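With my numbering applied, the sequence shown corresponds to residues 18 to 330, in that order.
The beta-carbon is built from N, C-alpha and C at its ideal position, and this holds for glycine as well.
Values in this document were obtained by computation on a predicted structure and should not be read as measured data.
Single-structure report; data block below.
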Amino acid sequence: MKHILSMSDLTNEDVYGLIDTAIDFKNGKKSEIGQDKFAMNLFFENSTRTKSSFQVAEMKLGMKEIAFEASTSSTTKGESLYDTVKTVESIGASVAVIRHPQDKYYEELINNNMNIHIINGGDGTGQHPSQSLLDLMTIYEHYGHFDGLKVGIIGDLSHSRVAHSNAEILTRLGAEVSFGGLDSWYTDEFQGIGSHMSVDELCQEMDVVMLLRVQHERLSSEENQNFSKEDYFNTYGMDMRRVEMMKPDAMIMHPAPVNRGVEIADDVVECNKSYIFPQMTNGVYMRMAMIEAVLEGAKIDSETNQERQAVLR
Ligand code: CP
């Protein structure tokens, strides 16, 4: 595992391995695999959770962070992403966590012989593997399995890298995924995975209800005018009336940031079925597991190389 870019690159075994390691970290496992190594977090889109929890994860593994702010970097002078990452590699960073508005921005980086581990912190409307893995960890901690679980994903599916990442991997792990929200967001890709249901039906039937933020910044002006916040909340929002319809041990999840009063009511955010803040706590441990996996992979590669050279000598 040199890089972690998309959930589709991970086998089911990789996913279970990362969940086990993240739970071990949560239970007190220590690792100094990052000692004497540098990490750089290159965020070209805003972030609170992903960036700060990668920073905490890096520090807990003994790494030092080289500070980077896109707004004061030479990308504002026209430097390409490739040149920025090649620079980060040249000055000695071992890991680059990157969030970028371009879908699959990483393809141009991994096709070159870049000696740095890239972890995708979110690409355009593509993938968000660290969010998906921390979501899986949180579900696994609660239910102990994925097989047969009913998961409903409600909201702005077509613009959501969380929906893209989670729909595919949850299905692969044996969960039955259904969808809710505006019909226009239920595109061919999601139609091929699961059915579209009303939010009331989803609340009654699902083991996990995963809410998505309405990403006003990614909607066209026409889409933004199609509904008001109040209309959205009334038709698709999670309020206490809908929480009461849910199964006793069902979970409410949301990657956050939340739009209070749009996709979720104030009093639902921290209600007893909500795992929104535990998801964030788990994010640190999962990101430690991801960083350890890429660095451990490099260690194994280097040990295998040394063994090969010893045999040759
Ligand atoms: N969930 C998530 O990706 O949050 P941030 O945008 O704050 O990183």
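Straight-line spacing of the CA atoms in V73 and F85 works out to 15 Å.
Here the distance from the Cβ of P146 to the nearest heavy atom of the ligand CP is not below 7 Å. Of all C-beta pairs linking the region 260–274 to the region 184–201, fewer than three are shorter than 8 Å, placing the two stretches out of contact. Contact fails between the region 293–300 and the region 51–61, because fewer than three Cβ pairs, one in each stretch, are under 8 Å apart.
In the DSSP assignment, F42 falls outside any beta strand (DSSP E) and lies within the alpha helix (DSSP H) extending over N29 to K43. For the options P118, Y160 and A282, the alpha carbon positioned closest to that of D140 is the one of P118.
A straight-line Cα-Cα distance of about 8 Å links D217 and M262. Each of S201, V279 and N137 was checked against the Cα of Y122, and the nearest Cα belongs to N137.
Taken from the Cβ of A74, every heavy atom of the ligand CP lies 7 Å or farther away. M303 and L78 do not touch by the CB rule: their CB atoms are close to 13 Å apart, not below 8 Å. Taking a contact as a CB-CB distance under 8 Å, the pair M257 and V285 counts as one, their CB atoms being some 6 Å apart. By the Cβ neighbour-count rule, G95 is exposed, with fewer than 16 other Cβ atoms within 10 Å of its own. Sorting G161, D248, S215 and T204 by C-alpha distance to the C-alpha of A180 places T204 at the top. With respect to L312, S175 sits apart: the two C-beta atoms are not nearer than 8 Å. Around the beta carbon of K54, a 10 Å sphere encloses 16 or more other beta carbons of the protein chains shown; the residue is thus reported as buried. For V32 and S88, the gap between their C-alpha atoms comes out near 34 Å. Linking R277 to F196 through their CA atoms gives a straight-line distance of about 21 Å.
In this model, V279 and E49 are separated by some 43 Å (Cα to Cα). Counting only the Cα atoms, E82 lies some 10 Å from A113. If you check the C-beta of G141 against the ligand CP, you find no heavy atom less than 7 Å away. Counted as a single uninterrupted DSSP element, the stretch harbouring N243 is not any alpha helix (DSSP H), since DSSP gives it neither H nor E. With fewer than 16 other Cβ atoms from the protein chains shown falling within 10 Å of its own Cβ, I108 counts as exposed. Counting of Cβ neighbours within 10 angstroms places G198 among the buried residues, the total reaching 16 or more. The alpha carbon of V225 has as its nearest neighbour, out of E206, I156 and T142, the alpha carbon of I156.
With at least 16 other beta carbons inside 10 angstroms of its own, Q148 counts as buried. At least one heavy atom of the ligand CP lies closer than 7 Å to the C-beta of S64.
Looking at the DSSP output, I115 sits in a beta bridge with L59 and N137. In the three-state scheme derived from DSSP, where H, G and I count as helix and E and B as strand, G169 is classed as strand. Between the alpha carbons of V102 and Y249 lies a gap of roughly 40 Å. Scanning A306, D41, N128 and K246 for the CA closest to the CA of Y99 turns up N128. In this structure, A39 sits near M154, with a CB-CB distance shorter than 8 Å.
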